[in-house]
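Chains as they are written, first to last, in my numbering: chain X, 30 to 140; chain E, 30 to 140.
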């Protein structure tokens, strides 16, 4: 069993097509996770993740702040603490911080 | 893309060997999730989950309250908001609410 606080995991810069985004790899393959990995993203003021798609799905839980997610139709949806987002594989998406606080969310992907 | 607040998902009683535990199936196979499912547990005052083990792993993130997790050696570890727990498959475990508030956590399992 592994127990750690997510804030004790180093926050690394996400650089490619992203702005003011950091990622913490809180449960990964290196920890022995066989099927899926847990990461925590933080988007600072005006931060955003790339607008992109990929084969794998995302399962997301918003921890703090206010933001938006763009969907495959180009529509922007407001999301906030306690919201859950499921993005199927190959679907276009982008997260943005639209508030005045840090926007943090858990994002899981298959390994 | 599916967006919902976890509190809008019905909380169902967990009955077998559990006390004062409810579960919300926030992202499941029924939503099209291909690899893993996201659930949110709530343990009311003095609530606990079964002390058990099973083949599949858990990836856990504590959302609110204070609790404990028993490990395979029978040791109790305090856990609170922001803590992450990885429980490999076949490892004995049990969660308890040891605080005075609702103890809530996300728990993911493979599908």
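All C-beta atoms in this analysis are idealised placements derived from N, C-alpha and C, irrespective of residue type, glycine included.
Residues of its chain near residue 93 (chain X), where Cβ-Cβ distance is below 8 Å and the 5 sequence neighbours each way are ignored: 110, 130, 131, 132, 133
Between the CA atoms of residue 34 (chain E) and residue 105 (chain E) - distance to the nearest angstrom: 31 Å
Using 8 Å for Cβ pairs, my map puts residue 103 (chain E) next to residue 124 (chain E). What's the rounded Cβ distance? With a Cβ gap of about 15 Å, residue 103 (chain E) and residue 124 (chain E) do not count as contacting.
List the residues of chain X whose Cβ lies closer than 8 Å to the Cβ of residue 35 (chain E), in chain order. 90, 111, 112, 113
For the beta strand (DSSP E) that residue 67 (chain X) lies in, which residues bound it at each end? 65–77
Under a Cβ-count criterion, where at least 16 other Cβ atoms within 10 Å of its own Cβ denotes burial, should residue 80 (chain X) be classed as buried or exposed? exposed
From the DSSP output, which residues share a beta bridge with residue 139 (chain E)? E:65
Residue 58 (chain E) (DSSP reduced to helix, strand or coil): helix
Residues in the same chain with beta-carbon distance under 6 Å from residue 126 (chain X), minus the five sequence neighbours each way, listed in chain order, please. 72, 76, 96, 132
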